[in-house]
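Have a look at the structure below before the remarks.
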Amino acid sequence: MTTQKDIMDALNDLTAQCFPGRTTYRDAWPEQFTRPSLFLVAEPREEIGGNRYTVELKQVFGVQINDTVDDHYEADTDRLSEETDRLMEALSLGVLPVGDRALHIDKLASERVEAASVIKVTLHWFDDRPQRKTEQPPAAKGLDIVTQVRNGGTV
Numbered sequence: 001m002t003t004q005k006d007i008m009d010a011l012n013d014l015t016a017q018c019f020p021g022r023t024t025y026r027d028a029w030p031e032q033f034t035r036p037s038l039f040l041v042a043e044p045r046e047e048i049g050g051n052r053y054t055v056e057l058k059q060v061f062g063v064q065i066n067d068t069v070d071d072h073y074e075a076d077t078d079r080l081s082e083e084t085d086r087l088m089e090a091l092s093l094g095v096l097p098v099g100d101r102a103l104h105i106d107k108l109a110s111e112r113v114e115a116a117s118v119i120k121v122t123l124h125w126f127d128d129r130p131q132r133k134t135e136q137p138p139a140a141k142g143l144d145i146v147t148q149v150r151n152g153g154t155v
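Note that the sequence shown covers residues 1 to 155 in full-length UniProt numbering.
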């Protein structure tokens with residue numbers, strides 16, 4: 001099963017290729033975080049379907065690009081736009097390689113938030129459904145029980 005950690009590691013690898021040498025924070029960053037840096041966060045995972053053997057999953061991940069700021073806590077708009085475009089282009093292949101899998105990217109969205117840019121990556125994939133280890137009685141045994149109850153017996 002593809003874990004959230006596997007996906008975060010894959011996103012971290014991709015962002016490290018796009019922005020070598022940058023610090024990447026996961027889930028939380030310190031109060032005095034370094035700039036420029038990246039922040040990766042996972043939003044809740046949804047199980048949206050499947051069948052007896054597979055489960056269909058969808059999850060959104062956020063990548064925040066924190067740019068350097070000037071004395072007025074402003075980021076360079078052109079530089080931040082270029083960095084956003086660089087990451088969007090790397091993700092535009094439509095899949096995110098995760099281990100031996102390629103998870104489908106359903107949607108990419110970016111927005112500017114103060115001195116940062118946030119890119120939302122919506123992933124969609126199928127995984128094996130965990131199987132329960134329950135034994136079902138053979139059909140013949142079930143039929144014997146029904147017959148016994150019908151004839152006034154108890155189980």
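Heads up, the beta-carbon is just placed ideally off N, CA and C, and yes, glycines get one too.
By the Cβ rule, the region 26–37 does not count as touching the region 85–98, because fewer than three pairs are nearer than 8 Å. Linking glutamate 89 to lysine 5 through their CA atoms gives a straight-line distance of about 23 Å.
At a cut-off of 3 residues, the continuous stretches assigned as beta strand (DSSP E) that sit fully inside the region 51–107 are 54–66, 95–98.
Judged by their CB atoms, isoleucine 105 and glutamate 83 are not nearer to each other than the 8 Å cut-off. A contact is defined here as three or more CB-CB pairs under 8 Å, and the region 52–65 meets this definition with respect to the region 112–123.
Judged by DSSP secondary structure, alanine 16 falls within the alpha helix (DSSP H) whose first and last residues are 4–18. DSSP places alanine 116 in the uninterrupted beta strand (DSSP E) bounded by 116–128. Here glutamate 74 really is in contact with alanine 115; their C-beta atoms are around 7 Å apart, less than 8 Å. DSSP places arginine 26 in the uninterrupted beta strand (DSSP E) bounded by 23–26.
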